[in-house]
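*Asks:* Below is a structure I'd like to ask you about.
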Amino acid sequence: MLEKPKTDLNLTQTSRRNLLRGLGASLAGAGLAGCGSSNNGNGATTTSSSSSISTGEGSCILIPQETEGPYPLSVILSNSAYVRGTIHEDKPGIPLTLKFNLVDINNGCEAFPYASIYVWHCDKDGLYSGYSQPGANTIGETFCRGVQDVNQNGEVTFHTIFPGWYAGRLTHIHFQVFLYNDTVSVATATSQLAFPDDVVQTVYNSDLYRDKGQNTSVRSYVEDGIFADGIESQRVTIQGTINEGYTATLTIGVAAS
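Here the sequence shown stands for residues 48 to 304, where the numbers follow the working numbering.
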């Protein structure tokens, strides 16, 4: 049984494990999943980049619901080992810090502290962990997957790498929001975040990503089957360089009350 914290709004280790057990049970039948990330671990140098880039951060509106995608791995939600902020494992890539701000659109857009956020994405080569897929078999691996509870200000941070791409989709990261109360944890939102085009192009021109290069399979959000209806509330605000890494921020609006 999940317990809503009475004083310290962060989950204790025991209640965190209980939350994960609840998440695992609720997701097993639904086929939902999460992901983690990687670091710049191969020592490769990157080329120069613009110093600061900023675009439309998500705002205080209900985050659009999107598909969880083809590579869920719900089994890790029942394992407390994947309650982690650094989700890169040993995957190389340009460092990316993800900062989420969770707000309740039914309560004046106030921060909402009683939730966990689950994140997953592909590595720099467009591969997801935990599955046999075109180009690789990653069964048994768990890179680019992680879940954390938000703090008392509705904030949570993940450390990962900038994701690559695969045919038919623009660059994206999956996430789910799980609100919890005294008795149950519910997947309230399943969505995806997007990146500004100029940042994506800069990253994919860098040394670490140049072998695969630019995404030529989908050239605009209009051509993307998921983002074709618009990305205004899902596009991150991002700043940084390929040499120093990027920090991306998104405000997620949920109907929590």
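All residues carry an ideal CB built from backbone N, CA and C; glycine is no exception.
If you measure between the beta carbons of residue 250 and residue 222, is that distance less than 7 angstroms?
*Replies:* No, the Cβ-Cβ distance between residue 250 and residue 222 is not below 7 angstroms.
*Asks:* Which of the three DSSP states is assigned to residue 270 in this structure?
*Replies:* Residue 270 falls in the helix class under three-state DSSP.
*Asks:* Considering only the alpha carbon of each residue, which of 270, 199, 260 lies closest to residue 159?
*Replies:* The shortest Cα separation from residue 159 among 270, 199, 260 belongs to 199.
*Asks:* Which of the three DSSP states, helix, strand or coil, is assigned to residue 121?
*Replies:* In this structure, residue 121 counts as helix in the three-state DSSP scheme.
*Asks:* Do residue 176 and residue 189 have their C-beta atoms within less than 7 angstroms of each other?
*Replies:* Yes, the Cβ-Cβ distance between residue 176 and residue 189 is below 7 angstroms.
*Asks:* What residues match up with residue 225 in a beta bridge as DSSP calls it?
*Replies:* Paired residues: 163, 234.
*Asks:* Based on Cα-Cα distance, which residue from 244, 153, 154, 206 lies nearest to residue 136?
*Replies:* Measuring from the Cα of residue 136, the nearest candidate turns out to be 206.
*Asks:* If we ignore side chains and look at the alpha-carbon of each, how far apart do residue 80 and residue 122 end up?
*Replies:* For residue 80, the pLDDT reaches just 33, beneath the cut-off of 50, and the residue's location in the model is therefore unreliable, leaving the point undetermined.
*Asks:* At the level of alpha carbons, what is the spacing between residue 293 and residue 134?
*Replies:* Cα to Cα, residue 293 sits roughly 15 angstroms from residue 134.
*Asks:* Hey, how far is the Cα of residue 117 from the Cα of residue 173?
*Replies:* Distance between the alpha carbons of residue 117 and residue 173 is about 13 angstroms.
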